[in-house]
Amino acid sequence: MRRTKAYVVINARKTAKAGLIAAVIIGLLWMMMSKPFADLTWTSVKKATLEKDKYEEISPLFAVKNSAEGENAEDTPFRWLNILINKRVEKPASLLASEIFAVSGIKPALAAAHQYVNEGNFYFEPPKKNEKREVDVPNKKEPGPAVETTIASIKNTDELSKKGITIKNNTTYNIDYNKLFSEPLKLTKPKNGEPQVLIVHTHGTESYNPDTRSEDISNNMIRVGDEMEKVFKENGINVIHSQIMHDIPQYNNSYRKALNTIEATLKEHPSIQVVLDIHRDAMTNKNDEKFKVVANINGEKVAQVMIVVGTNQMGLPNDHWQENLKFAMKCQESINQSYPGLTRPIDLRQERFNMHATLGSLIIEVGTHGNTLEEAVKSGAYTAEAISKVLNGVK
Numbered sequence: 480m481r482r483t484k485a486y487v488v489i490n491a492r493k494t495a496k497a498g499l500i501a502a503v504i505i506g507l508l509w510m511m512m513s514k515p516f517a518d519l520t521w522t523s524v525k526k527a528t529l530e531k532d533k534y535e536e537i538s539p540l541f542a543v544k545n546s547a548e549g550e551n552a553e554d555t556p557f558r559w560l561n562i563l564i565n566k567r568v569e570k571p572a573s574l575l576a577s578e579i580f581a582v583s584g585i586k587p588a589l590a591a592a593h594q595y596v597n598e599g600n601f602y603f604e605p606p607k608k609n610e611k612r613e614v615d616v617p618n619k620k621e622p623g624p625a626v627e628t629t630i631a632s633i634k635n636t637d638e639l640s641k642k643g644i645t646i647k648n649n650t651t652y653n654i655d656y657n658k659l660f661s662e663p664l665k666l667t668k669p670k671n672g673e674p675q676v677l678i679v680h681t682h683g684t685e686s687y688n689p690d691t692r693s694e695d696i697s698n699n700m701i702r703v704g705d706e707m708e709k710v711f712k713e714n715g716i717n718v719i720h721s722q723i724m725h726d727i728p729q730y731n732n733s734y735r736k737a738l739n740t741i742e743a744t745l746k747e748h749p750s751i752q753v754v755l756d757i758h759r760d761a762m763t764n765k766n767d768e769k770f771k772v773v774a775n776i777n778g779e780k781v782a783q784v785m786i787v788v789g790t791n792q793m794g795l796p797n798d799h800w801q802e803n804l805k806f807a808m809k810c811q812e813s814i815n816q817s818y819p820g821l822t823r824p825i826d827l828r829q830e831r832f833n834m835h836a837t838l839g840s841l842i843i844e845v846g847t848h849g850n851t852l853e854e855a856v857k858s859g860a861y862t863a864e865a866i867s868k869v870l871n872g873v874k
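What the sequence shown shows, in my numbering, is residues 480 to 874, in sequence order.
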């Protein structure tokens, strides 16, 4: 039988498609054996702390932007391969999703699971039909006092810890902390009083005991940010405070929405070099007892703070993570010099958390859901005052 040109092209497409699918399956199996995917068994997911926006951070695959976005596919270098397999090679996620059920289900499944989080930021099983869960009831008050605890960051094991610098490294990176700390910051002082700091709230509705979430800006993270803004300005630091709560109407995609705010503000005010994302933490034990982290400052109990630093270990680009870590170490030193015991150890994480935006991007967790708003507001003021000393020391 005579083979037409169309017959040859169709068979070539089938062969190329089969080869591509085989390569994709091998690659997918390899990815699933890596730590991020290996951790996603349902048993471990139920127990694991929710990595905020984890389904985006889990692999660069889902974060890829089309390099030919807005261009005609026929003009791309992949033109002939696109014709053979009848797909857009420039979009790996769409390539996989239509061929492999596992891949097509991963992102929606994780996105759905992302919405089922309790106030401790833990995954739990989705609710059954007609079943109410805490996440469905905003502003729920939880009766009963929280258990007090203090997490030490000042130790006498080495020179850095004596200065109040302690780091919990949740990455596999080996870091010379002493060398990094000895280097000067790359931050510079803006001219003519231009803005230097941006305060944002990825999870602005986080609130304090007895609430867990609130859209009332006088009772949630916005209130803590207001106090920090006030103290920064009193110390000569020009600040822009975004009061947008990026976790409403949906908690899902909060970090992506916050990044839009950060990028828009940096475009309008390029002098900004420091972005502080203000959150509160949550701590519970196996009996669901809430914990509050406290320090005794000037004879009164205030909430401890924890600085979180993101890296690039999950695959998303972040060229600034070491500079951010250096900034975090100098801030922690300043806080503990002025207010010993106020900070918990720095939490160095695999996720990026939008910290690729500037040379001074940090998350600051002010207390937990067991602390009171008053304890958090006082702590926010002390933290802003100590960070101001660092910023006023740059040239």
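All C-beta atoms in this analysis are idealised placements derived from N, C-alpha and C, irrespective of residue type, glycine included.
First through last residue of the alpha helix (DSSP H) which encompasses I644: Unbroken run through I644: none, as it is neither H nor E.
F711: which of G672, I696 and A737 sits nearest, CA to CA? G672
Cβ-Cβ separation, I757 to V845 (assumed contact under 8 angstroms), whole Å: 6 angstroms
Can you give me the Cβ contacts of Y656 inside the same chain, cut-off strictly under 8 angstroms, excluding the 5 residues immediately before and after it? L639, I644, I646 and M808
Might you give, ordered along the chain, the residues of its own chain that have their beta carbon closer than 7 angstroms to the beta carbon of L738, omitting 5 neighbours on each side? N833
Start and end residues, alpha helix (DSSP H) containing E802: W800 to S817
Checking the sheet assignment: what are the DSSP bridge partners for E627? K771
Extent of the continuous alpha helix (DSSP H) run through R759: It is not in any alpha helix (DSSP H) - R759 instead sits in the beta strand (DSSP E) that spans V753 to D760.
Helix, strand or coil: which one does DSSP assign to S750? Here S750 sits in coil by DSSP.
Residue environment, P674, which counts as buried when at least 16 other CB atoms sit within 10 Å: buried
Note the first and the last residue of the continuous beta strand (DSSP E) segment covering S840. Counting along the chain, the unbroken beta strand (DSSP E) around S840 starts and ends at G839 to T847.
Would a C-beta distance cut-off of 9 angstroms place A774 and A761 closer than the cut-off? No, the Cβ-Cβ distance between A774 and A761 is not below 9 angstroms.
Do you know whose CA, among I776, I654, A495 and L821, lies nearest I630's CA? L821
Should S713 be labelled buried (16 or more other beta-carbon atoms within 10 Å of its own) or exposed? Reading the sequence as shown, one finds Glu at residue 713 and not Ser. By the neighbour-count rule (16 or more Cβ atoms within 10 Å), E713 is not buried but exposed.
Provide the residue(s) that pair with N688 in DSSP beta bridges, ordered along the chain. None, per the DSSP bridge assignment.
Under the three-state DSSP convention, the category V873 falls into: In the structure shown, V873 adopts coil according to DSSP, grouped into three states.
Is the separation between the beta-carbon of Q801 and that of I654 shorter than 9 angstroms? In this structure, I654 lies closer than 9 angstroms to Q801 by Cβ.
Alpha carbon to alpha carbon, how far is I861 from T667? Residue identity check: residue 861 is Tyr in the sequence provided, not Ile. Near 23 angstroms, if we compare the C-alpha coordinates of T667 and Y861.
Do V679 and T740 count as a contact pair if the criterion is CB distance below 9 angstroms? yes
Would you please state the rounded distance, in angstroms, between the beta carbons of G859 and V703? I believe it to be under 8 angstroms. 4 angstroms
Any Cβ of chain D within less than 9 angstroms of the Cβ of A761? The displayed structure is made up of one protein chain only, and chain D is not part of it.
Limits of the alpha helix (DSSP H) - the one that M700 falls within: Segment M700 to E713, the alpha helix (DSSP H) holding M700.
Between which two residues does the beta strand (DSSP E) harbouring K780 extend? Here the beta strand (DSSP E) through K780 covers E779 to A782.
Local conformation of I866 per DSSP, three classes: helix
Skipping 5 residues on each side, what residues in its chain have a beta carbon closer than 6 angstroms to that of Q792? Excluding sequence neighbours, Q792 sits near T650 and Q829.
Straight-line Cα distance separating G849 from N699: Whole-angstrom Cα-Cα distance: 13 angstroms.
Which of the three DSSP states, helix, strand or coil, is assigned to I500? In this structure, I500 counts as helix in the three-state DSSP scheme.
Going by the C-beta, is G683 closer than 8 angstroms to any heavy atom of the ligand FMN? In the structure shown, the ligand FMN is absent, as is every other ligand, since no ligand is present at all.
Looking only at C-alpha atoms, which of V503, D705, T684 and P749 sits nearest to Q729? T684
Which residues does DSSP list as the beta-bridge partners of I825? I646
Quick one: what's L745 bridged to in DSSP? DSSP, once it has assigned bridges, lists no residue as partnering L745.
For I912: DSSP bridge partner residues: With the chain running from 480 to 874 in the structure shown, residue 912 is simply not present.
Between A625 and T790, what straight-line distance do the alpha-carbon atoms span, to the nearest angstrom? 32 angstroms
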